[in-house]
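Only one structure is covered here, and it is reproduced in the block below.
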Amino acid sequence: MTVVPDATGHFGQYGGRFVPEALVAAIDELTAAFHESAADPAFQAELTRLHREYSGRPSPLTDAPRFGEHAGGARILLKREDLNHTGSHKINNVLGQALLTRRIGKKRVIAETGAGQHGVATATAAALLGLDCVVYMGEEDTRRQSLNVARMRLLGATVVPVTTGSRTLKDAINEAMRDWVTNVETTNYVFGTVAGPHPFPLMVREYQRVIGDEARAQVLERTGRLPDAVTACVGGGSNAIGIFTAFVPDTGVRLVGFEAGGDGIDTGRHAATLTGGAPGVLHGARSYLLQDENGQTIESHSISAGLDYPGVGPEHAYLHDLGRAEYRPITDAQAMAAFELLSRTEGIIPAIESAHALAGTLDLGRELGPDAIILVSLSGRGDKDVETASRYFGLDTGADR
(Lines of atoms letter the chains of each structure in order from A and count residues from 1; the text may use other names and numbers.)
(Lines give C-alpha, C1' and ligand atoms only; values in the text may rest on other atoms or scores of the structure.)
Protein backbone atom coordinates (compact mmCIF):
# COMPACT_ATOMS: atom_id res chain seq x y z
CA MET A 1 0.00 0.00 0.00
CA THR A 2 1.36 3.40 -0.95
CA VAL A 3 -0.34 6.53 0.32
CA VAL A 4 -0.33 9.29 -2.27
CA PRO A 5 -2.43 12.47 -1.94
CA ASP A 6 -4.69 13.32 -4.86
CA ALA A 7 -4.01 16.27 -7.15
CA THR A 8 -5.57 18.67 -4.64
CA GLY A 9 -3.44 17.33 -1.80
CA HIS A 10 -6.08 15.26 -0.02
CA PHE A 11 -5.26 12.14 1.97
CA GLY A 12 -8.80 10.81 2.09
CA GLN A 13 -10.82 13.53 3.83
CA TYR A 14 -7.70 15.23 5.20
CA GLY A 15 -5.23 17.77 3.82
CA GLY A 16 -6.24 20.16 1.06
CA ARG A 17 -5.51 23.86 0.81
CA PHE A 18 -7.30 26.47 2.96
CA VAL A 19 -5.34 29.68 2.33
CA PRO A 20 -5.95 33.37 1.61
CA GLU A 21 -6.39 34.31 -2.05
CA ALA A 22 -3.12 36.27 -1.89
CA LEU A 23 -1.13 33.03 -1.43
CA VAL A 24 -2.74 30.94 -4.18
CA ALA A 25 -0.39 32.03 -6.98
CA ALA A 26 2.71 31.53 -4.82
CA ILE A 27 1.59 28.08 -3.72
CA ASP A 28 0.77 27.11 -7.30
CA GLU A 29 4.25 28.26 -8.32
CA LEU A 30 5.82 26.26 -5.49
CA THR A 31 3.79 23.15 -6.35
CA ALA A 32 4.84 23.29 -10.00
CA ALA A 33 8.49 23.85 -9.07
CA PHE A 34 8.43 20.91 -6.65
CA HIS A 35 7.02 18.48 -9.24
CA GLU A 36 9.42 19.73 -11.94
CA SER A 37 12.39 19.40 -9.61
CA ALA A 38 11.37 15.87 -8.63
CA ALA A 39 11.83 14.88 -12.29
CA ASP A 40 15.01 16.93 -12.79
CA PRO A 41 18.15 14.74 -12.47
CA ALA A 42 20.37 17.79 -11.90
CA PHE A 43 18.24 19.02 -8.97
CA GLN A 44 18.11 15.57 -7.40
CA ALA A 45 21.85 15.09 -7.87
CA GLU A 46 22.57 18.38 -6.10
CA LEU A 47 20.27 17.47 -3.21
CA THR A 48 21.91 14.05 -2.89
CA ARG A 49 25.35 15.65 -2.93
CA LEU A 50 24.39 18.05 -0.15
CA HIS A 51 22.99 15.18 1.92
CA ARG A 52 26.25 13.27 1.49
CA GLU A 53 28.86 16.03 1.68
CA TYR A 54 27.14 18.63 3.89
CA SER A 55 24.66 16.80 6.14
CA GLY A 56 26.64 13.61 6.56
CA ARG A 57 24.18 11.06 5.16
CA PRO A 58 23.56 8.22 5.31
CA SER A 59 22.97 8.49 9.03
CA PRO A 60 24.01 5.27 10.85
CA LEU A 61 21.93 2.62 12.58
CA THR A 62 22.96 1.96 16.18
CA ASP A 63 22.13 -1.09 18.30
CA ALA A 64 21.05 -0.12 21.83
CA PRO A 65 21.38 -3.39 23.81
CA ARG A 66 21.57 -1.92 27.33
CA PHE A 67 18.51 0.22 26.67
CA GLY A 68 16.82 -2.82 25.14
CA GLU A 69 17.22 -4.72 28.42
CA HIS A 70 14.63 -2.30 29.83
CA ALA A 71 12.33 -2.98 26.85
CA GLY A 72 11.75 -6.63 27.67
CA GLY A 73 14.98 -7.65 25.97
CA ALA A 74 13.79 -6.56 22.54
CA ARG A 75 16.46 -5.57 20.05
CA ILE A 76 16.33 -1.78 19.70
CA LEU A 77 17.85 -0.17 16.62
CA LEU A 78 18.22 3.62 16.58
CA LYS A 79 18.14 5.51 13.28
CA ARG A 80 20.59 8.28 14.16
CA GLU A 81 19.12 11.48 12.71
CA ASP A 82 20.69 13.20 15.74
CA LEU A 83 24.05 12.85 13.99
CA ASN A 84 23.04 14.98 11.00
CA HIS A 85 24.59 18.42 10.58
CA THR A 86 22.56 20.83 12.79
CA GLY A 87 21.57 17.93 15.05
CA SER A 88 18.24 16.66 13.77
CA HIS A 89 16.24 15.34 10.82
CA LYS A 90 15.10 18.87 9.97
CA ILE A 91 18.07 19.51 7.65
CA ASN A 92 16.77 16.82 5.21
CA ASN A 93 13.65 18.81 4.38
CA VAL A 94 15.18 22.27 4.57
CA LEU A 95 17.91 21.59 2.01
CA GLY A 96 15.23 20.56 -0.49
CA GLN A 97 13.04 23.59 0.18
CA ALA A 98 16.02 25.97 0.12
CA LEU A 99 17.07 24.64 -3.29
CA LEU A 100 13.47 25.12 -4.46
CA THR A 101 13.58 28.72 -3.22
CA ARG A 102 16.61 29.37 -5.39
CA ARG A 103 14.94 27.57 -8.32
CA ILE A 104 11.91 29.91 -8.24
CA GLY A 105 14.18 32.96 -7.95
CA LYS A 106 13.27 34.22 -4.47
CA LYS A 107 15.91 35.68 -2.18
CA ARG A 108 14.22 35.60 1.23
CA VAL A 109 12.97 32.68 3.32
CA ILE A 110 10.82 32.62 6.43
CA ALA A 111 10.22 29.75 8.80
CA GLU A 112 8.47 28.85 12.03
CA THR A 113 10.11 26.85 14.77
CA GLY A 114 9.19 25.30 18.11
CA ALA A 115 12.22 23.53 19.55
CA GLY A 116 14.44 25.59 17.30
CA GLN A 117 15.80 22.68 15.25
CA HIS A 118 13.85 23.65 12.13
CA GLY A 119 14.87 27.26 12.64
CA VAL A 120 18.54 26.31 12.96
CA ALA A 121 18.31 24.11 9.87
CA THR A 122 16.65 26.89 7.87
CA ALA A 123 19.19 29.48 9.02
CA THR A 124 21.95 27.05 8.06
CA ALA A 125 20.60 26.41 4.56
CA ALA A 126 19.98 30.13 4.06
CA ALA A 127 23.59 30.89 4.95
CA LEU A 128 24.77 28.15 2.61
CA LEU A 129 22.75 29.45 -0.36
CA GLY A 130 22.98 33.19 0.36
CA LEU A 131 19.32 33.78 1.28
CA ASP A 132 17.92 36.28 3.76
CA CYS A 133 16.25 34.43 6.63
CA VAL A 134 13.63 35.35 9.24
CA VAL A 135 12.49 32.76 11.81
CA TYR A 136 9.32 33.14 13.89
CA MET A 137 9.41 31.49 17.31
CA GLY A 138 7.01 31.66 20.24
CA GLU A 139 8.37 33.75 23.09
CA GLU A 140 7.91 30.82 25.49
CA ASP A 141 9.99 28.65 23.17
CA THR A 142 12.75 31.27 22.86
CA ARG A 143 13.10 31.01 26.64
CA ARG A 144 13.24 27.21 26.85
CA GLN A 145 15.35 26.87 23.69
CA SER A 146 17.71 29.81 24.13
CA LEU A 147 20.71 27.87 22.80
CA ASN A 148 19.04 27.43 19.42
CA VAL A 149 18.05 31.11 19.34
CA ALA A 150 21.73 31.96 19.70
CA ARG A 151 22.67 29.46 16.98
CA MET A 152 20.17 30.97 14.53
CA ARG A 153 21.46 34.49 15.17
CA LEU A 154 25.08 33.38 14.77
CA LEU A 155 24.09 31.95 11.37
CA GLY A 156 22.78 35.35 10.32
CA ALA A 157 19.04 34.82 10.74
CA THR A 158 16.62 37.27 12.32
CA VAL A 159 14.66 35.59 15.11
CA VAL A 160 11.27 37.17 15.86
CA PRO A 161 9.78 36.21 19.26
CA VAL A 162 5.99 35.84 18.96
CA THR A 163 4.07 37.17 21.95
CA THR A 164 0.50 36.27 20.98
CA GLY A 165 -1.58 33.30 22.17
CA SER A 166 0.31 30.63 24.07
CA ARG A 167 3.59 32.02 22.64
CA THR A 168 4.50 28.60 21.19
CA LEU A 169 4.65 26.88 17.79
CA LYS A 170 1.02 27.45 16.77
CA ASP A 171 1.42 31.20 17.21
CA ALA A 172 4.78 31.20 15.38
CA ILE A 173 3.07 29.61 12.35
CA ASN A 174 0.33 32.25 12.47
CA GLU A 175 2.91 35.06 12.34
CA ALA A 176 4.93 33.38 9.58
CA MET A 177 1.75 33.06 7.49
CA ARG A 178 1.06 36.79 7.95
CA ASP A 179 4.61 37.60 6.82
CA TRP A 180 4.18 35.38 3.76
CA VAL A 181 0.94 37.09 2.74
CA THR A 182 2.62 40.50 3.08
CA ASN A 183 5.87 39.64 1.27
CA VAL A 184 4.81 36.87 -1.07
CA GLU A 185 6.48 38.41 -4.14
CA THR A 186 9.97 38.09 -2.63
CA THR A 187 9.61 35.41 0.02
CA ASN A 188 9.28 31.64 0.19
CA TYR A 189 7.92 29.91 3.31
CA VAL A 190 10.14 26.97 4.33
CA PHE A 191 7.62 24.91 6.28
CA GLY A 192 9.00 22.57 8.95
CA THR A 193 6.64 19.64 9.09
CA VAL A 194 4.10 17.55 7.17
CA ALA A 195 1.24 19.91 8.05
CA GLY A 196 -0.01 23.11 6.41
CA PRO A 197 -1.64 23.56 3.00
CA HIS A 198 -0.85 21.40 -0.03
CA PRO A 199 1.89 20.89 -1.23
CA PHE A 200 3.71 21.08 2.14
CA PRO A 201 2.56 17.70 3.57
CA LEU A 202 3.55 15.95 0.33
CA MET A 203 6.73 17.95 -0.20
CA VAL A 204 8.07 17.58 3.33
CA ARG A 205 7.27 13.84 3.27
CA GLU A 206 9.24 13.38 0.07
CA TYR A 207 12.24 15.26 1.50
CA GLN A 208 12.09 13.23 4.73
CA ARG A 209 11.53 9.79 3.19
CA VAL A 210 15.29 9.40 2.98
CA ILE A 211 15.16 8.43 6.68
CA GLY A 212 13.03 5.36 6.08
CA ASP A 213 14.56 4.42 2.73
CA GLU A 214 18.00 4.27 4.33
CA ALA A 215 16.78 2.58 7.53
CA ARG A 216 14.85 -0.17 5.72
CA ALA A 217 17.96 -1.20 3.76
CA GLN A 218 20.16 -0.92 6.87
CA VAL A 219 17.86 -3.12 8.98
CA LEU A 220 17.70 -5.78 6.28
CA GLU A 221 21.48 -5.78 5.96
CA ARG A 222 22.03 -5.82 9.74
CA THR A 223 19.41 -8.39 10.77
CA GLY A 224 18.33 -10.20 7.61
CA ARG A 225 14.68 -9.28 8.09
CA LEU A 226 12.29 -6.38 8.51
CA PRO A 227 11.63 -5.02 12.03
CA ASP A 228 8.50 -5.97 13.92
CA ALA A 229 7.75 -2.31 14.57
CA VAL A 230 8.92 1.17 13.57
CA THR A 231 8.43 3.95 16.10
CA ALA A 232 8.78 7.74 16.17
CA CYS A 233 7.59 10.78 18.08
CA VAL A 234 4.74 12.77 16.51
CA GLY A 235 4.11 16.49 16.82
CA GLY A 236 3.46 17.76 13.31
CA GLY A 237 4.90 14.41 12.32
CA SER A 238 7.75 14.94 9.83
CA ASN A 239 10.28 12.50 11.26
CA ALA A 240 7.56 9.91 11.77
CA ILE A 241 6.31 10.16 8.18
CA GLY A 242 9.93 10.16 7.03
CA ILE A 243 10.62 6.78 8.58
CA PHE A 244 7.10 5.30 8.20
CA THR A 245 6.81 5.90 4.45
CA ALA A 246 9.27 3.19 3.42
CA PHE A 247 7.42 0.63 5.57
CA VAL A 248 3.78 1.49 4.76
CA PRO A 249 3.59 -1.28 2.10
CA ASP A 250 5.07 -3.80 4.60
CA THR A 251 1.83 -4.61 6.36
CA GLY A 252 3.57 -7.00 8.77
CA VAL A 253 5.52 -4.09 10.24
CA ARG A 254 3.67 -2.11 12.91
CA LEU A 255 3.98 1.67 12.66
CA VAL A 256 3.64 3.35 16.05
CA GLY A 257 3.70 7.09 16.66
CA PHE A 258 4.01 8.54 20.15
CA GLU A 259 2.30 11.86 20.88
CA ALA A 260 2.95 14.32 23.69
CA GLY A 261 0.65 13.32 26.55
CA GLY A 262 1.88 16.22 28.68
CA ASP A 263 0.49 15.99 32.20
CA GLY A 264 -1.91 13.22 31.09
CA ILE A 265 -4.84 13.06 28.69
CA ASP A 266 -7.37 13.32 31.51
CA THR A 267 -5.87 16.63 32.70
CA GLY A 268 -6.50 18.38 29.38
CA ARG A 269 -2.87 19.62 29.47
CA HIS A 270 -1.39 17.68 26.55
CA ALA A 271 -0.63 17.81 22.81
CA ALA A 272 -1.92 14.34 21.85
CA THR A 273 -3.92 15.40 18.82
CA LEU A 274 -4.83 11.98 17.44
CA THR A 275 -5.66 10.60 20.89
CA GLY A 276 -7.62 13.54 22.23
CA GLY A 277 -8.54 15.64 19.18
CA ALA A 278 -11.12 15.65 16.38
CA PRO A 279 -11.10 16.62 12.67
CA GLY A 280 -11.02 20.33 11.89
CA VAL A 281 -9.03 22.93 9.92
CA LEU A 282 -5.82 24.53 11.16
CA HIS A 283 -3.00 26.31 9.33
CA GLY A 284 -4.38 25.64 5.88
CA ALA A 285 -5.27 21.95 6.08
CA ARG A 286 -7.91 19.59 7.47
CA SER A 287 -6.63 17.14 10.05
CA TYR A 288 -7.06 16.18 13.68
CA LEU A 289 -6.65 19.06 16.12
CA LEU A 290 -7.34 19.94 19.72
CA GLN A 291 -10.50 22.02 19.91
CA ASP A 292 -13.28 23.01 22.27
CA GLU A 293 -17.00 22.23 21.93
CA ASN A 294 -17.37 25.22 19.58
CA GLY A 295 -14.63 24.04 17.25
CA GLN A 296 -12.11 26.62 18.45
CA THR A 297 -8.49 25.47 18.61
CA ILE A 298 -7.30 25.13 22.20
CA GLU A 299 -3.80 25.47 23.63
CA SER A 300 -1.58 22.43 23.80
CA HIS A 301 0.96 21.53 26.45
CA SER A 302 4.18 19.52 26.40
CA ILE A 303 7.55 19.71 28.09
CA SER A 304 8.87 19.35 24.54
CA ALA A 305 8.70 22.59 22.54
CA GLY A 306 8.87 20.62 19.30
CA LEU A 307 5.74 18.59 20.13
CA ASP A 308 3.79 21.47 21.70
CA TYR A 309 1.35 21.88 18.78
CA PRO A 310 -2.45 21.32 18.70
CA GLY A 311 -2.47 19.86 15.17
CA VAL A 312 -0.87 17.01 13.22
CA GLY A 313 -0.05 16.32 9.58
CA PRO A 314 -3.01 15.10 7.46
CA GLU A 315 -1.26 11.92 6.34
CA HIS A 316 -1.05 10.83 9.98
CA ALA A 317 -4.78 11.45 10.33
CA TYR A 318 -5.34 9.27 7.26
CA LEU A 319 -3.07 6.46 8.52
CA HIS A 320 -4.79 6.67 11.91
CA ASP A 321 -8.26 6.26 10.42
CA LEU A 322 -7.09 3.42 8.17
CA GLY A 323 -5.59 1.67 11.18
CA ARG A 324 -2.28 1.36 9.34
CA ALA A 325 -0.47 3.33 12.07
CA GLU A 326 -1.11 3.43 15.83
CA TYR A 327 -0.75 6.55 17.92
CA ARG A 328 -0.26 6.51 21.69
CA PRO A 329 0.25 9.30 24.24
CA ILE A 330 3.41 9.58 26.36
CA THR A 331 3.45 11.85 29.39
CA ASP A 332 6.18 14.35 30.20
CA ALA A 333 7.28 12.13 33.09
CA GLN A 334 7.54 9.02 30.89
CA ALA A 335 9.53 10.93 28.27
CA MET A 336 11.96 12.35 30.81
CA ALA A 337 12.53 8.92 32.36
CA ALA A 338 13.41 7.56 28.90
CA PHE A 339 15.60 10.63 28.28
CA GLU A 340 17.62 9.77 31.38
CA LEU A 341 17.66 6.04 30.64
CA LEU A 342 19.10 6.33 27.12
CA SER A 343 21.68 8.83 28.35
CA ARG A 344 22.87 6.48 31.09
CA THR A 345 22.66 3.16 29.26
CA GLU A 346 23.93 4.08 25.80
CA GLY A 347 25.79 7.38 26.22
CA ILE A 348 23.37 9.15 23.88
CA ILE A 349 21.49 12.27 25.07
CA PRO A 350 18.33 12.42 22.94
CA ALA A 351 16.12 15.38 22.16
CA ILE A 352 13.10 15.42 24.48
CA GLU A 353 10.96 14.98 21.36
CA SER A 354 12.78 11.74 20.56
CA ALA A 355 12.52 10.66 24.20
CA HIS A 356 8.76 10.31 23.69
CA ALA A 357 9.44 7.64 21.04
CA LEU A 358 11.94 5.96 23.34
CA ALA A 359 9.47 5.86 26.23
CA GLY A 360 6.80 4.31 24.05
CA THR A 361 9.31 1.82 22.68
CA LEU A 362 10.05 0.57 26.21
CA ASP A 363 6.39 -0.38 26.63
CA LEU A 364 6.13 -1.77 23.11
CA GLY A 365 9.21 -3.92 23.59
CA ARG A 366 7.72 -5.46 26.74
CA GLU A 367 4.55 -6.22 24.77
CA LEU A 368 6.39 -7.82 21.85
CA GLY A 369 8.98 -9.79 23.81
CA PRO A 370 12.70 -10.51 23.53
CA ASP A 371 12.63 -11.79 19.95
CA ALA A 372 11.27 -8.50 18.62
CA ILE A 373 13.23 -5.98 16.58
CA ILE A 374 12.09 -2.37 16.95
CA LEU A 375 13.43 0.44 14.78
CA VAL A 376 13.28 3.87 16.46
CA SER A 377 13.69 7.23 14.77
CA LEU A 378 16.09 9.14 17.01
CA SER A 379 15.06 12.41 15.43
CA GLY A 380 17.39 14.82 17.24
CA ARG A 381 20.08 15.28 19.83
CA GLY A 382 19.48 16.71 23.27
CA ASP A 383 22.03 19.50 23.54
CA LYS A 384 19.26 22.08 23.26
CA ASP A 385 17.34 20.37 26.08
CA VAL A 386 20.12 20.16 28.67
CA GLU A 387 18.88 23.26 30.50
CA THR A 388 15.30 21.92 30.61
CA ALA A 389 16.52 18.51 31.76
CA SER A 390 18.78 20.04 34.42
CA ARG A 391 15.81 21.92 35.87
CA TYR A 392 13.57 18.86 35.63
CA PHE A 393 16.02 16.55 37.41
CA GLY A 394 17.21 19.25 39.84
CA LEU A 395 20.82 18.93 38.73
CA ASP A 396 23.41 21.25 40.20
CA THR A 397 25.14 22.79 37.17
CA GLY A 398 26.94 25.50 39.13
CA ALA A 399 25.34 28.14 36.91
CA ASP A 400 24.21 30.24 39.87
CA ARG A 401 27.56 30.28 41.67
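The numbering of the sequence shown is full-length UniProt numbering, which starts it at 1 and goes up by one.
Quick reminder that beta carbons are idealized off the backbone N, C-alpha and C, glycines included.
All values derive from a computational prediction rather than experimental measurement.
Tell me whether residue i sits in a helix, a strand or coil according to DSSP, three-state version.
| i | result |
| --- | --- |
| Ala-229 | strand |
| Ile-348 | coil |
| Ile-374 | strand |
| His-10 | strand |
| Ala-271 | strand |
| Cys-133 | strand |
| Gly-15 | strand |
| Val-4 | coil |
| Leu-322 | helix |
| Arg-66 | helix |
| Arg-167 | coil |
| Gly-119 | helix |
| Thr-397 | coil |
| Ala-359 | helix |
| Asn-294 | coil |
| Ala-74 | coil |
| Gln-145 | coil |
| Gly-56 | coil |
| Ile-241 | helix |
| Gly-306 | helix |
| Thr-124 | helix |
| His-85 | coil |
Could you tell me the boundaries of the beta strand (DSSP E) in which residue i lies?
| i | result |
| --- | --- |
| Glu-299 | Element bounds for Glu-299: n/a, residue is neither H nor E. |
| Phe-258 | 254-264 |
| Lys-90 | From DSSP, Lys-90 is part of no beta strand (DSSP E) but of the alpha helix (DSSP H) over 90-103. |
| Thr-245 | Looking at the DSSP string, Thr-245 is not in any beta strand (DSSP E), and its letter there is neither H nor E. |
Determine the extent of the alpha helix (DSSP H) in which residue i is found, giving its start and end residues.
| i | result |
| --- | --- |
| Pro-329 | Segment 325-331 is the beta strand (DSSP E) holding Pro-329; no alpha helix (DSSP H) there. |
| Val-24 | 21-38 |
| Leu-47 | 41-50 |
Does the Cβ of residue i have 16 or more other Cβ atoms within 10 Å, making it buried, or fewer, making it exposed?
| i | result |
| --- | --- |
| Arg-222 | exposed |
| Gln-291 | buried |
| Ala-246 | buried |
| Leu-220 | exposed |
| Glu-175 | buried |
| Asn-294 | exposed |
| Arg-52 | exposed |
| Pro-60 | exposed |
| Asp-266 | exposed |
| Thr-8 | exposed |
| Gly-116 | buried |
| Asp-171 | buried |
| Arg-151 | buried |
| Leu-155 | buried |
| Met-1 | Its pLDDT being 48, under 50, Met-1 is placed unreliably by the model, and nothing is read from it. |
| Val-386 | exposed |
| Glu-185 | exposed |
With DSSP as the reference, identify every bridge partner of residue i, one or two as the case may be.
| i | result |
| --- | --- |
| Tyr-288 | Pro-279 |
| Gly-311 | Leu-289 |
| Arg-80 | Leu-378 |
| Leu-154 | According to DSSP, Leu-154 bridges with nothing at all. |
| Pro-161 | Met-137 |
| Val-109 | Cys-133 and Asn-188 |
| Leu-368 | Looking at the DSSP assignment, Leu-368 forms no beta bridge with any residue, so it has no partner. |
| Val-386 | Its beta-bridge partners do not exist; DSSP assigns none. |
| Val-234 | Glu-259 |
| Leu-342 | According to DSSP, Leu-342 bridges with nothing at all. |
| Leu-61 | Lys-79 |
Is there at least one Cβ from chain B nearer than 7 Å to residue i's Cβ?
| i | result |
| --- | --- |
| Glu-53 | Of the chains in the structure shown, none is chain B; there is only one protein chain. |
Item to check | alpha helix (DSSP H) segments (min. 4 residues) lying fully within the segment 171-226 | outcome: Within the segment 171-226, the complete alpha helix (DSSP H) segments at least 4 residues long are 200-208 and 210-223, listed from N- to C-terminus.
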